[in-house]
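S.K.: Residues in the sequence shown are numbered consecutively from 18, following the working numbering. Positions of the beta carbon are idealized from the N, C-alpha and C atoms, including for glycine. Note that the coordinates shown come from a computational prediction; the quantities given were computed from them, not determined experimentally. Sharing a structure here in structure tokens format.
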Amino acid sequence: MALPELFRHQHLFVGSLSIRRVKRLQPGELPGTEIVAAEAYAAGCELAARLLHPGGDAIRPRNDFWLATQGFDYPSLNRCPALQEDGRCSIHLDLKPVTCSVVPLEALVADQLQHLVLSGRGRADEGHGTDCIVSGERAGFAPLTRNSAVVDRDFGRALAQRRDDLAADKKWWGDAVFGMLHRELFADPAAVNRIPFDGFLTIAPAPLLMVLADVSQRCRERCIEYLDAQAALIGEKIRQALVRKKSADRAVTQQLRAFAESGRALGKALREAPPLGARRLAEADGIEAWLGLGASPAGTALSPAALDSVASPASYDEEHKLAAAGLKISPEALQTYLDAGQGTLAPGVSRYLHATVKPGGSACNLDCTYCYYLGKESLLGQKNGRLPVDLLERFISDYIGSQDVEEIAFTWHGGEPTLLGIDYFRTVVQLQKKHTPAGRRVSNDLQTNGTLLTEEWGAFLAENKFLVGLSIDGPRELHDIYRLTKKGTPSFEEVFRAARLLKKHGIPFSTLTTVNRKNALQPLEVYRFLRDEVGTSYMQFIPCVEPRRFEKAAHAAVRGAQGAPGGHGAAAGHLLWGVTDWSVGSEDWGAFLSEIFDEWSAHDEGRVKVNLFETMFAQLKGLPALICTSSPYCGKNVALEHDGRVYACDHYVYPEYEIGDISRQSLGEIVFSQKQLEFGLAKYNLLARECLSCRHLKLCWGECPRTRILPTQQGEGNLSYLCRGWKKFFDHATGQDAR
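This is how it looks when you write it as structure tokens:
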């Protein structure tokens with residue numbers, strides 16, 4: 018991957034400098050018996066000259082060298098470090114490396130020869146999992162190449178971007194590093210023979226970091242930051258290898274230790290070197306922009322550390338500067354974010370957002386006691402209806418167009434969305450097909466209470482590959498406490514029938530369990546029922562925490578009126594302090610998760626996924642949180658009501674948190690707005706001092722803002738009602754409660 022991509026994912030991929038020999042093709046020569054046309058050969062040579070480093074006089078003239086930055090890991094793992102246990106990419110929404118988008122094509126081969134690359138990939142002896150590559154047209158699949166040309170626009174763009182990345186690598190560090198290594202490596206025939214044609218000679222990336230660190234003070238500081246992150250990652254990789262105890266890992270462990278030692282020495286030298294001050298190479302501006310030092314990506318989490326390093330040009334007016342200061346980011350970062358809302362993307366910036374769509378508003382056929390959404394009709398002064406088809410089409414088109422990612426995820430929610438009827442969702446699918454450009458794809462997930470699902474629904478959901486979230490709170494005696502129909506009758510039997518229906522049709526589904534005052538006291542009964550009776554392999558547990566008067570006002574508006582106790586004693590931790598009597602107790606929440614964690618880790622790890630466990634393990638590995646409540650920032654998950662109005666979050670559908678209307682604005686303008694940015698950054702900016710010193714900060718980040726209704730020991734507000742429970746669980750799961 019390109020160096021900026023390696024920097025971006027510094028906590029995930031161990032960076033290396035890899036060197037490979039590349040044979041220059043002679044006219045008419047290609048692996049196998051294919052004959053290459055003269056113009057194709059010429060294009061291939063021109064491409065090689067632009068991207069590769071030519072061999073010197075002492076080297077055979079048919080050799081070129083490819084210097085590349087790559088992720089380095091234990092071959093015994095036989096998987097990309099970015100893959101989750103279920104085989105999905107954990108960074109596909111977070112500016113994933115362009116080289117991934119190029120597969121199965123090859124950027125070092127001219128477009129005219131890509132059909133031959135595919136032909137080679139498709140051979141059985143070329144590798145596992147390539148049998149999907151076939152010659153000719155196939156129904157349901159767009160061709161990649163036709164008549165010796167790449168015809169798929171997305172692959173064409175990816176190839177062009179990958180080649181631009183390689184050319185930038187060559188320009189900004191490759192030629193300089195080639196010169197550094199020429200004497201001891203490229204000019205020595207014996208050393209050259211150690212460089213393979215079909216693999217890589219892999220060394221630590223110190224040479225290229227030395228080149229970049231001399232560009233400017235900002236580049237030097239970025240290299241030091243990268244070295245520090247890599248030291249922590251390498252240490253964790255080695256610790257995991259020692260646990261595996263595989264003899265095949267020993268050589269790589271030694272190499273990683275050498276990488277770490279090289280990094281420590283270079284980091285020490287850079288810290289002790291005299292500051293560069295104002296001295297900058299002539300190319301410094303271009304290199305800093307290439308590394309993304311000018312602004313943070315608008316489509317990803319805004320890191321305070323990264324934003325603090327962004328310069329603040331004097332051209333911004335005072336109002337803009339004051340707004341940025343209030344957000345604790347630079348004026349340039351704020352402008353980059355706002356520009357993204359207008360569709361103007363800075364280099365390296367991509368947009369990602371998510372909307373929880375309420376096409377039928379709060380309308381529901383159940384009357385669950387703890388429901389946070391049933392009262393929205395009266396609160397918002399609107400009648401329940403449906404998102405009209407013209408506005409639905411506008412939303413679908415705009416939602417796809419406002420994002421720069423491969424997969425666009427639609428989440429259909431309520432109320433109860435199936436009240437709209439199956440034909441409404443047939444229209445949804447038709448409109449998605451109409452507005453999804455080639456090379457991109459959409460996915461749909463439907464959150465439902467399941468009571469209205471029929472065989473027809475089952476066939477439709479299966480055919481269109483919907484993911485389903487089924488709301489169920491445990492076995493009958495626990496589920497029916499709070500989840501009743503409008504007539505006050507139990508709903509368990511219909512929900513359990515829906516689970517059987519989903520399994521019958523092979524529809525992937527997760528269970529969503531609201532953990533409340535009652536079922537929290539029986540964690541193993543809940544977990545074993547979901548696992549053994551419902552048969553789900555993915556469970557979501559959502560803590561029920563609703564401040565009193567939640568129907569009329571968001572927690573920020575009611576916190577000061579509740580007479581919060583001034584300390585952190587028994588009153589503040591009491592089950593009923595400031596919350597409804599069905600809300601889960603904080604200590605009970607911690608015990609609930611801890612008991613399930615023990616059962617899961619003893620019997621089901623790798624077989625059953627639990628949302629809160631998955632995100633905790635990802636964060637322990639240095640990866641981004643998988644759910645917003647565990648992330649340092651929020652604000653990219655908005656709620657769309659059936660009248661077209663957009664709110665800051667699904668749990669903040671209150672008049673004061675309305676941020677736009679899709680009938681008048683694009684979603685990009687609404688989400689990438691200063692108002693929504695303030696909402697999203699407030700989660701981090703308003704962290705209590707007690708949170709900042711907590712050992713579990715990077716697993717919790719203060720929890721969801723909706724639960725921050727307690728005072729801290731210092732008398733501040735903004736502490737999560739669930740704080741004690743989270744600490745109890747994290748201590749238990751990470752083994753710290755035994756210390």
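From this set, 668, 564 and 532, which residue's C-alpha is nearest residue 556's C-alpha?
M.R.: Start at 1 with the first residue of the sequence shown, and residue 556 comes out as number 539. Closest by alpha carbon: 532.
S.K.: Which of the three DSSP states, helix, strand or coil, is assigned to residue 540?
M.R.: As a working mapping, residue 540 is identified with position 523 in the sequence shown. Helix, per DSSP.
S.K.: Please report the Cβ distance between residue 15 and residue 248, rounded to the nearest whole angstrom; I am assuming they are in contact, meaning their Cβ atoms lie under 8 Å.
M.R.: What the structure shows of the chain is the stretch from 18 to 756, and residue 15 is not part of that stretch, so it cannot be assessed.
S.K.: Count the other C-beta atoms from every protein chain shown that fall within 10 angstroms of the C-beta of residue 745, then say buried if there are 16 or more, exposed otherwise.
M.R.: Taking the sequence shown and counting its residues from 1, the one referred to as residue 745 is at position 728. With 16 or more other Cβ atoms within 10 Å, it is buried.
S.K.: Closest to residue 443 by CA distance: which of 426, 463 and 477 is it?
M.R.: As a position in the sequence shown, residue 443 is number 426, starting the count at 1. It is 477.
S.K.: With distances taken Cα to Cα, identify the nearest neighbour of residue 539 among 610, 509 and 176.
M.R.: If you number the sequence shown from 1, residue 539 lands on position 522. The shortest Cα separation from residue 539 among 610, 509 and 176 belongs to 610.
S.K.: Taking 8 Å as the threshold (C-beta atoms), are residue 725 and residue 736 in contact?
M.R.: By one-based count along the sequence shown, residue 736 stands at place 719. By one-based count along the sequence shown, residue 725 stands at place 708. Yes; because the gap between Cβ atoms is below 8 Å, this pair is in contact.
S.K.: Under a three-way DSSP split, which group does residue 155 fall into?
M.R.: Working through the sequence shown from its first residue, we reach residue 155 at position 138. The answer is strand: DSSP assigns residue 155 an E or B state.
S.K.: Please list, in chain order, all residues of the same chain as residue 651 whose beta carbon is under 6 Å from its beta carbon, the five residues on each side excluded.
M.R.: The sequence position of residue 651 within the sequence shown is 634, counting from 1. So the list reads 645, 697 and 700, once near-sequence residues are dropped.
S.K.: With H, G and I counted as helix, E and B as strand and the rest as coil, what does DSSP make of residue 431?
M.R.: Within the sequence shown, residue 431 is the residue found at index 414, counting from 1. The answer is coil: DSSP assigns residue 431 none of H, G, I, E or B.
S.K.: For residue 106, which residues does DSSP report across the bridge?
M.R.: Counted from its first residue, the sequence shown places residue 106 at position 89. Per DSSP, 100.
S.K.: Identify every residue that forms a DSSP beta bridge with residue 532.
M.R.: Position 515 of the sequence shown, counting from 1, holds the residue named residue 532. Looking at the DSSP assignment, residue 532 forms a beta bridge with 560.
S.K.: Going by alpha carbons, who is nearest to residue 33 out of 222, 172 and 625?
M.R.: Counting from 1 along the sequence shown, the entry for residue 33 is found at position 16. Minimum Cα distance to residue 33 is reached at 222.
S.K.: Considering only the beta carbon of each residue, do residue 304 and residue 36 sit closer than 8 Å?
M.R.: The residue you call residue 304 lines up with position 287 of the sequence shown. The residue you call residue 36 lines up with position 19 of the sequence shown. No, these two residues do not count as a Cβ contact at 8 Å.
S.K.: Anyone know if the C-beta pair for residue 93 and residue 99 falls short of 8 Å?
M.R.: Counting from 1 along the sequence shown, the entry for residue 93 is found at position 76. Counting from 1 along the sequence shown, the entry for residue 99 is found at position 82. No, the pair does not count as a contact, with Cβ atoms beyond the cut-off.
S.K.: What beta strand (DSSP E) runs, 3 residues minimum, are completely inside the stretch 463–543?
M.R.: Segments of the beta strand (DSSP E) lying fully in the stretch 463–543: 484–488 and 526–532.
S.K.: Whole alpha helix (DSSP H) runs in the stretch 164–242 with 4 or more residues, listed along the chain?
M.R.: Those alpha helix (DSSP H) runs which fall completely within the stretch 164–242 and span 4+ residues are 170–186, 192–198, 206–209 and 223–230.
S.K.: What's the C-alpha gap between residue 655 and residue 673?
M.R.: Within the sequence shown, residue 655 is the residue found at index 638, counting from 1. Within the sequence shown, residue 673 is the residue found at index 656, counting from 1. Spanning the two alpha carbons is a distance of roughly 14 Å.
S.K.: Just curious, the alpha helix (DSSP H) that residue 444 is in, first and last residue?
M.R.: Here residue 444 refers to the residue found at position 427 of the sequence shown. From DSSP, the alpha helix (DSSP H) with residue 444 extends over 439–452.
S.K.: Does DSSP put residue 580 in a helix, a strand or coil?
M.R.: Here residue 580 corresponds to residue number 563 of the sequence shown, with the count starting at 1. Since pLDDT at residue 580 reaches only 32, below the 50 mark, its modelled position is unreliable, and the value read off the structure follows with that caveat. Looking at residue 580 - three-state DSSP - the assignment turns out to be coil, as it is neither helix nor strand.
S.K.: Straight-line CA distance for residue 338 to residue 352?
M.R.: For the purposes of this step, residue 338 is identified with residue 321 of the sequence shown, where counting begins at 1. For the purposes of this step, residue 352 is identified with residue 335 of the sequence shown, where counting begins at 1. Spanning the two alpha carbons is a distance of roughly 10 Å.
S.K.: Once DSSP output is grouped into helix, strand and coil, what is the label at residue 413?
M.R.: As a working note, residue 413 is residue 396 in the sequence shown. Correct three-state label for residue 413: helix.
S.K.: If you draw a straight line from the alpha carbon of residue 250 to that of residue 97, how long is it in whole angstroms?
M.R.: Position 233 of the sequence shown, counting from 1, holds the residue named residue 250. Position 80 of the sequence shown, counting from 1, holds the residue named residue 97. Distance between the alpha carbons of residue 250 and residue 97: 15 Å.
S.K.: Classify residue 553 as helix, strand or coil using the three-state DSSP reduction.
M.R.: Walking along the sequence shown from the start, residue 553 turns up at place 536. Coil, per DSSP.
S.K.: Starting from the C-beta of residue 50, find all residues in its chain whose C-beta is less than 8 Å away, skip the five residues before and the five after it, and write them out in chain order.
M.R.: Counted from its first residue, the sequence shown places residue 50 at position 33. Low local confidence applies: a pLDDT of 33 at residue 50 is under 50, so the model's placement there is unreliable, and no value is given.
S.K.: Given residue 752, which residues of its chain have a CB within under 6 Å of its CB, disregarding the five upstream and five downstream residues?
M.R.: Stepping through the sequence shown from its first residue, residue 752 is reached at position 735. Closer than 6 Å at the Cβ level, and outside the excluded window around residue 752, lies no residue.
S.K.: In the DSSP output, which residue or residues are listed as bridge partners for residue 596?
M.R.: Taking the first residue of the sequence shown as 1, we reach residue 596 at position 579. The partner list for residue 596 (beta bridge, DSSP) reads 564.
S.K.: Put residue 87 into one of helix, strand or coil per three-state DSSP.
M.R.: Taking the first residue of the sequence shown as position 1, residue 87 is located at position 70. Residue state, collapsed to three classes: strand.
S.K.: Would you check if there are 3 or more beta carbon pairs closer than 8 Å linking the stretch 492–510 to the stretch 385–395?
M.R.: Touching, per the Cβ criterion.
S.K.: Between the alpha carbons of residue 342 and residue 718, how many angstroms are there, rounded?
M.R.: The sequence position of residue 342 within the sequence shown is 325, counting from 1. The sequence position of residue 718 within the sequence shown is 701, counting from 1. Whole-angstrom Cα-Cα distance: 22 Å.
S.K.: Under three-state DSSP, which class holds residue 94?
M.R.: Position 77 of the sequence shown, counted from the first residue, corresponds to residue 94. In this structure, residue 94 counts as helix in the three-state DSSP scheme.
S.K.: To the nearest angstrom, how far is it from the Cα of residue 359 to the Cα of residue 349?
M.R.: For the purposes of this step, residue 359 is taken as the residue at position 342 of the sequence shown. For the purposes of this step, residue 349 is taken as the residue at position 332 of the sequence shown. Between residue 359 and residue 349, the C-alpha separation is close to 15 Å.
S.K.: In this structure, how does DSSP classify residue 371 when only helix, strand and coil are distinguished?
M.R.: In the sequence shown, residue 371 corresponds to position 354, counting from 1. Three-state result, residue 371: strand.
S.K.: Taking the alpha-carbon positions, what's the residue 31 to residue 86 distance?
M.R.: Translated into positions along the sequence shown, residue 31 becomes position 14. Translated into positions along the sequence shown, residue 86 becomes position 69. Whole-angstrom Cα-Cα distance: 10 Å.
S.K.: Buried or exposed: where does residue 648 fall if 16 or more other Cβ atoms within 10 Å of its Cβ makes it buried?
M.R.: Taking the sequence shown and counting its residues from 1, one reaches residue 648 at position 631. Label assigned to residue 648: buried.
S.K.: Thinking just about the alpha-carbon of each residue, which of 399, 219 and 485 is nearest to the one in residue 460?
M.R.: Here residue 460 refers to the residue found at position 443 when the sequence shown is read from its first residue. Residue 485 is the option with its Cα nearest to residue 460.
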